[in-house]
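See structure below.
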Amino acid sequence: MKKKKQESKPPKSKEFHATPFSALKGVAVSSPLPREPEKSTPLQPRSAIDEDDADLFLQAMGGVKKLDNTSQATSTAGTRKTARPTSTPSRREVADQAENEAFAQAIKQLRLDVTFTEKFPDEELKPLGANRLRQLKKGIIRVDRQLDLHGLTREEALVALPRFLHNARYHGEKAVLVITGKGINSPEEPVLQQAIAAWLRDAGKEYVVEFAPAPREMGGSGAFVVFLRSSAT
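Take any residue in the sequence shown, count from 1 to its spot, add 22: that is its number in our numbering.
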(Lines of atoms letter the chains of each structure in order from A; the text may use other names.)
(Lines give C-alpha, C1' and ligand atoms only; values in the text may rest on other atoms or scores of the structure.)
Protein backbone atom coordinates (compact mmCIF):
# COMPACT_ATOMS: atom_id res chain seq x y z
CA MET A 23 0.00 0.00 0.00
CA LYS A 24 1.12 3.47 -0.69
CA LYS A 25 1.78 5.73 2.28
CA LYS A 26 -0.12 8.94 2.50
CA LYS A 27 1.92 12.03 2.26
CA GLN A 28 1.85 14.14 5.29
CA GLU A 29 0.28 17.46 4.60
CA SER A 30 2.44 20.38 5.57
CA LYS A 31 0.62 22.87 7.85
CA PRO A 32 1.47 26.57 7.83
CA PRO A 33 3.35 27.79 10.90
CA LYS A 34 1.27 29.38 13.63
CA SER A 35 1.64 33.14 14.01
CA LYS A 36 3.06 34.25 17.31
CA GLU A 37 0.96 36.50 19.47
CA PHE A 38 2.43 40.03 20.03
CA HIS A 39 2.91 41.15 23.63
CA ALA A 40 4.03 44.74 24.28
CA THR A 41 6.43 44.96 27.19
CA PRO A 42 7.87 48.49 27.10
CA PHE A 43 9.41 48.34 30.59
CA SER A 44 11.11 44.97 30.18
CA ALA A 45 14.42 46.71 29.59
CA LEU A 46 14.19 48.35 33.01
CA LYS A 47 14.29 45.11 34.88
CA GLY A 48 16.92 45.16 37.53
CA VAL A 49 17.08 48.96 37.78
CA ALA A 50 16.55 50.12 41.35
CA VAL A 51 14.07 53.00 41.74
CA SER A 52 14.53 55.19 44.78
CA SER A 53 11.47 55.42 46.95
CA PRO A 54 10.02 58.96 47.44
CA LEU A 55 11.20 60.89 50.49
CA PRO A 56 8.63 61.09 53.18
CA ARG A 57 7.04 64.60 53.45
CA GLU A 58 7.22 66.43 56.70
CA PRO A 59 3.80 67.24 58.00
CA GLU A 60 2.98 70.98 57.60
CA LYS A 61 2.90 72.88 60.82
CA SER A 62 -0.44 74.59 61.15
CA THR A 63 -0.21 78.01 62.79
CA PRO A 64 -2.98 78.38 65.26
CA LEU A 65 -5.27 81.34 64.44
CA GLN A 66 -5.24 84.12 66.96
CA PRO A 67 -8.59 85.06 68.32
CA ARG A 68 -10.08 88.21 66.70
CA SER A 69 -10.13 90.14 69.93
CA ALA A 70 -6.35 89.79 70.25
CA ILE A 71 -5.87 91.07 66.67
CA ASP A 72 -8.10 94.04 67.30
CA GLU A 73 -6.19 94.92 70.47
CA ASP A 74 -2.88 94.80 68.59
CA ASP A 75 -4.24 97.07 65.84
CA ALA A 76 -5.58 99.47 68.43
CA ASP A 77 -2.19 99.61 70.17
CA LEU A 78 -0.42 100.33 66.89
CA PHE A 79 -2.93 103.06 66.02
CA LEU A 80 -2.55 104.73 69.41
CA GLN A 81 1.23 104.65 69.09
CA ALA A 82 1.06 106.21 65.62
CA MET A 83 -1.34 108.92 66.74
CA GLY A 84 0.52 109.70 69.93
CA GLY A 85 1.99 113.01 68.69
CA VAL A 86 -1.16 114.26 66.98
CA LYS A 87 -3.14 117.08 68.63
CA LYS A 88 -6.80 117.80 68.05
CA LEU A 89 -7.51 120.95 66.08
CA ASP A 90 -9.43 123.68 67.86
CA ASN A 91 -12.19 124.59 65.40
CA THR A 92 -13.25 127.62 67.43
CA SER A 93 -9.82 129.20 67.45
CA GLN A 94 -9.33 128.38 63.79
CA ALA A 95 -12.66 129.98 62.86
CA THR A 96 -11.84 133.01 65.00
CA SER A 97 -8.43 133.43 63.43
CA THR A 98 -9.92 133.05 59.95
CA ALA A 99 -12.58 135.63 60.70
CA GLY A 100 -9.95 137.94 62.12
CA THR A 101 -7.87 137.51 58.99
CA ARG A 102 -10.84 138.34 56.80
CA LYS A 103 -11.63 141.41 58.84
CA THR A 104 -8.10 142.68 58.78
CA ALA A 105 -7.75 141.89 55.07
CA ARG A 106 -10.43 144.41 54.14
CA PRO A 107 -8.92 147.81 53.58
CA THR A 108 -10.50 150.56 55.61
CA SER A 109 -11.92 153.02 53.11
CA THR A 110 -12.26 156.64 54.08
CA PRO A 111 -15.52 158.32 53.06
CA SER A 112 -15.30 160.39 49.90
CA ARG A 113 -16.17 164.07 49.73
CA ARG A 114 -19.45 163.23 48.04
CA GLU A 115 -20.42 160.83 50.84
CA VAL A 116 -19.59 163.46 53.46
CA ALA A 117 -21.63 166.05 51.56
CA ASP A 118 -24.59 163.66 51.20
CA GLN A 119 -24.48 162.87 54.90
CA ALA A 120 -24.47 166.56 55.79
CA GLU A 121 -27.32 167.13 53.34
CA ASN A 122 -29.40 164.35 54.89
CA GLU A 123 -28.81 165.72 58.39
CA ALA A 124 -29.85 169.20 57.27
CA PHE A 125 -32.93 167.73 55.61
CA ALA A 126 -33.89 165.89 58.80
CA GLN A 127 -33.64 169.13 60.76
CA ALA A 128 -35.72 170.97 58.17
CA ILE A 129 -38.42 168.28 58.19
CA LYS A 130 -38.88 168.73 61.94
CA GLN A 131 -39.76 172.39 61.37
CA LEU A 132 -42.24 171.78 58.54
CA ARG A 133 -46.00 171.97 58.94
CA LEU A 134 -47.57 168.83 57.53
CA ASP A 135 -51.17 169.60 58.47
CA VAL A 136 -52.19 170.07 54.84
CA THR A 137 -55.81 170.76 53.98
CA PHE A 138 -57.29 169.69 50.65
CA THR A 139 -59.85 171.40 48.50
CA GLU A 140 -61.85 170.14 45.55
CA LYS A 141 -60.66 172.92 43.22
CA PHE A 142 -57.63 175.13 42.88
CA PRO A 143 -57.96 178.73 44.00
CA ASP A 144 -57.79 181.12 41.10
CA GLU A 145 -54.50 182.61 42.25
CA GLU A 146 -52.85 179.17 42.10
CA LEU A 147 -53.94 178.48 38.51
CA LYS A 148 -52.83 181.75 36.98
CA PRO A 149 -49.97 181.38 34.47
CA LEU A 150 -46.45 182.37 35.29
CA GLY A 151 -45.63 186.02 35.42
CA ALA A 152 -44.38 187.45 32.17
CA ASN A 153 -40.98 188.17 33.67
CA ARG A 154 -40.39 184.61 34.95
CA LEU A 155 -41.82 183.05 31.79
CA ARG A 156 -39.45 185.19 29.73
CA GLN A 157 -36.54 184.11 31.92
CA LEU A 158 -37.50 180.46 31.41
CA LYS A 159 -37.73 180.80 27.62
CA LYS A 160 -34.43 182.68 27.39
CA GLY A 161 -32.70 180.15 29.62
CA ILE A 162 -31.87 182.70 32.30
CA ILE A 163 -33.68 180.43 34.73
CA ARG A 164 -33.04 176.79 33.92
CA VAL A 165 -35.04 173.82 35.10
CA ASP A 166 -32.46 171.09 35.55
CA ARG A 167 -34.26 168.95 38.12
CA GLN A 168 -37.65 167.35 37.98
CA LEU A 169 -39.67 165.10 40.26
CA ASP A 170 -42.12 162.64 38.71
CA LEU A 171 -44.83 161.67 41.21
CA HIS A 172 -46.75 159.36 38.87
CA GLY A 173 -47.82 156.16 40.59
CA LEU A 174 -47.29 157.45 44.15
CA THR A 175 -50.01 157.74 46.73
CA ARG A 176 -50.80 161.12 48.25
CA GLU A 177 -48.89 160.25 51.42
CA GLU A 178 -45.83 159.03 49.51
CA ALA A 179 -45.82 162.15 47.33
CA LEU A 180 -45.96 164.47 50.35
CA VAL A 181 -42.89 162.73 51.78
CA ALA A 182 -40.91 162.82 48.52
CA LEU A 183 -41.72 166.44 47.61
CA PRO A 184 -40.10 168.30 50.56
CA ARG A 185 -36.99 166.16 50.32
CA PHE A 186 -36.70 166.93 46.60
CA LEU A 187 -37.13 170.69 47.15
CA HIS A 188 -34.63 170.69 50.01
CA ASN A 189 -31.97 168.96 47.88
CA ALA A 190 -32.61 171.26 44.92
CA ARG A 191 -32.23 174.39 47.05
CA TYR A 192 -29.14 172.92 48.73
CA HIS A 193 -27.50 172.61 45.29
CA GLY A 194 -28.41 176.17 44.31
CA GLU A 195 -31.29 175.42 41.92
CA LYS A 196 -33.66 178.33 41.23
CA ALA A 197 -36.54 176.42 39.62
CA VAL A 198 -37.67 172.81 39.42
CA LEU A 199 -40.41 170.86 37.67
CA VAL A 200 -42.86 168.74 39.69
CA ILE A 201 -44.88 166.34 37.53
CA THR A 202 -48.21 165.24 39.00
CA GLY A 203 -50.16 164.17 35.94
CA LYS A 204 -53.58 165.49 35.01
CA GLY A 205 -55.50 162.84 36.94
CA ILE A 206 -57.48 161.75 33.88
CA ASN A 207 -57.62 158.13 35.10
CA SER A 208 -58.59 159.14 38.63
CA PRO A 209 -62.17 158.04 39.50
CA GLU A 210 -62.89 161.41 41.15
CA GLU A 211 -60.92 164.64 41.15
CA PRO A 212 -57.15 164.68 40.47
CA VAL A 213 -56.35 164.11 44.16
CA LEU A 214 -52.56 164.04 43.82
CA GLN A 215 -52.42 167.30 41.87
CA GLN A 216 -54.62 169.03 44.45
CA ALA A 217 -52.54 167.74 47.35
CA ILE A 218 -49.28 168.96 45.82
CA ALA A 219 -50.72 172.41 45.08
CA ALA A 220 -52.05 172.73 48.64
CA TRP A 221 -48.70 171.75 50.12
CA LEU A 222 -46.77 174.19 47.92
CA ARG A 223 -49.14 176.98 48.95
CA ASP A 224 -49.08 176.35 52.72
CA ALA A 225 -46.46 174.01 54.19
CA GLY A 226 -43.93 174.60 51.41
CA LYS A 227 -43.61 178.36 51.87
CA GLU A 228 -40.19 177.83 53.40
CA TYR A 229 -38.94 176.61 50.00
CA VAL A 230 -41.34 178.15 47.45
CA VAL A 231 -41.43 181.71 46.11
CA GLU A 232 -43.93 181.04 43.34
CA PHE A 233 -45.43 178.09 41.50
CA ALA A 234 -47.81 177.71 38.60
CA PRO A 235 -48.82 175.20 35.92
CA ALA A 236 -45.91 174.55 33.61
CA PRO A 237 -45.78 175.89 30.05
CA ARG A 238 -47.15 173.56 27.42
CA GLU A 239 -43.71 172.45 26.23
CA MET A 240 -42.84 171.42 29.81
CA GLY A 241 -45.97 169.41 30.54
CA GLY A 242 -48.75 171.96 30.74
CA SER A 243 -51.37 171.47 33.44
CA GLY A 244 -49.94 168.06 34.35
CA ALA A 245 -46.90 169.66 36.03
CA PHE A 246 -45.89 172.61 38.18
CA VAL A 247 -42.92 174.91 37.75
CA VAL A 248 -41.74 175.75 41.26
CA PHE A 249 -39.44 178.73 41.89
CA LEU A 250 -37.32 178.26 44.98
CA ARG A 251 -36.20 180.65 47.65
CA SER A 252 -32.47 180.99 48.06
CA SER A 253 -31.10 179.24 51.12
CA ALA A 254 -29.85 182.59 52.49
CA THR A 255 -33.37 184.01 52.87
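Each residue gets a CB set at the ideal place from its N, CA and C atoms; glycine is no exception.
query: Tell me, which residues are paired with residue 249 by DSSP?
result: The count along the sequence shown starts at 1 and reaches residue 249 at position 227. For residue 249, the pairing in a beta bridge is given by DSSP as 197, 232.
query: Near residue 233, what residues of its chain come up, given a Cβ to Cβ distance below 6 Å and the 5 sequence neighbours on each side ignored?
result: Here residue 233 refers to the residue found at position 211 of the sequence shown. Closer than 6 Å at Cβ, skipping near neighbours: 222, 246, 248.
- prompt: Going by C-alpha distance, which of 224, 110, 120 is nearest residue 189?
  reply: Within the sequence shown, numbered from 1, the residue matching residue 189 stands at position 167. Minimum Cα distance to residue 189 is reached at 120.
N-terminal and C-terminal residue of the beta strand (DSSP E) that residue 223 is part of: Position 201 of the sequence shown, counted from the start, is the residue given in the question as residue 223. For residue 223, there is no enclosing beta strand (DSSP E); the enclosing alpha helix (DSSP H) covers residues 213-223.
message: Could you pull the DSSP bridge partners for residue 167 from this structure?
response: Translated into the one-based positions of the sequence shown, residue 167 becomes position 145. Partner(s): 198.
message: Using only the alpha-carbon positions, how far apart do residue 231 and residue 164 sit?
response: Here the question's residue 231 lines up with position 209 in the sequence shown. Here the question's residue 164 lines up with position 142 in the sequence shown. In this structure, the alpha-carbon of residue 231 lies about 16 Å from that of residue 164.
query: Nearest to residue 218 by CA position, among 110, 116, 157, 172, is which residue?
result: Sequence index remark: in the sequence shown, residue 218 carries index 196 (1-based). Residue 218 has its Cα closest to that of 172, out of 110, 116, 157, 172.
- prompt: Excluding the five sequence neighbours on either side, which residues of its own chain have a C-beta within less than 6 Å of the C-beta of residue 237, listed in chain order?
  reply: By one-based count along the sequence shown, residue 237 stands at place 215. Excluding positions up to five away in sequence, the list is empty.
- prompt: Under 7 Å between the Cβ atoms of residue 229 and residue 199?
  reply: Counting from 1 along the sequence shown, the entry for residue 229 is found at position 207. Counting from 1 along the sequence shown, the entry for residue 199 is found at position 177. No, the Cβ-Cβ distance between residue 229 and residue 199 is not below 7 Å.
field: Same chain only: Cβ atoms within 6 Å of residue 244, ignoring 5 sequence neighbours per side
entry: Residue numbering aside, residue 244 sits at position 222 when the sequence shown is read from its first letter. The residues are 203, 204.
query: How many Å lie between residue 180 and residue 110 at the Cα?
result: Position 158 of the sequence shown holds residue 180. Position 88 of the sequence shown holds residue 110. About 35 Å.
query: Taking the alpha carbon of residue 213 as the point to measure from, which residue in 114, 194, 178 has its own alpha carbon closest?
result: Reading the sequence shown from its first residue, position 191 is the one you call residue 213. That would be 178, whose Cα lies nearest to the Cα of residue 213.
- request: Please report the Cβ distance between residue 226 and residue 187, rounded to the nearest whole angstrom; I am assuming they are in contact, meaning their Cβ atoms lie under 8 Å.
  value: One-based indexing of the sequence shown puts residue 226 at position 204. One-based indexing of the sequence shown puts residue 187 at position 165. With 8 Å as the limit, residue 226 and residue 187 qualify as a contact, their Cβ atoms being about 7 Å apart.
Of the listed residues 183, 193, 156, nearest to residue 114 (C-alpha basis): Along the sequence shown, one-based indexing puts residue 114 at 92. Cα-wise, what sits closest to residue 114 is 193.
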